[in-house]
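The opening residue of the sequence shown carries number 0 in numbering that gives the first Met the number 0; numbering runs sequentially from there.
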Amino acid sequence: MISRAAAKAAEQAGVELVSPPDCTSNLTLNVAEGSAKGDVMCVALTTDRKAFKATFMGSLSSTECKGPLTINIEDREPIVINSIRDCSIALVVGGAAESSSS
0 MISRAAAKAA
10 EQAGVELVSP
20 PDCTSNLTLN
30 VAEGSAKGDV
40 MCVALTTDRK
50 AFKATFMGSL
60 SSTECKGPLT
70 INIEDREPIV
80 INSIRDCSIA
90 LVVGGAAESS
100 SS
């Protein structure tokens with residue numbers, strides 16, 4: 000989910016990525032509440048060989064993701080997205096698990 004939001008933000012800024020962002024997460028799960036807090040970081044390379052980094056820092060629940068998604072692209076001003084639509088802990092944790100290497 001964070002990977003898709005980051006890729007969409009890059010596209011809206013007129014930036015093409017070589018491949019979808021590769022994301023890793025550092026989340027502390029609260030099983031009793033069905034929530035998590037922490038960060039998700041995604042990296043990629045643009046088609047013009049610039050470094051791309053997206054960082055989400057906040058909290059996740061079954062209904063929402065609270066916290067900003069900050070996109071940094073080499074030689075550009077940061078892009079800050081204050082709210083990620085259609086986001087939940089299941090989508091983020093599931094997505095991070097699928098894209099992280101063992």
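We treat Cβ as the ideally placed atom computed from N, Cα and C, and that holds for glycine.
Check, Outcome
"Unbroken beta strand (DSSP E) run spanning S82, endpoints", "I78 to S82"
"Distance, G57 Cα to I1 Cα", "12 Å"
"Option nearest S18 by Cα separation, candidates L26, S34, L44 and I72", "L44"
"For I72, the residue or residues it bridges with in DSSP", "F51"
"Reference V42, options I80, R84, A6 and N81, closest by Cα", "A6"
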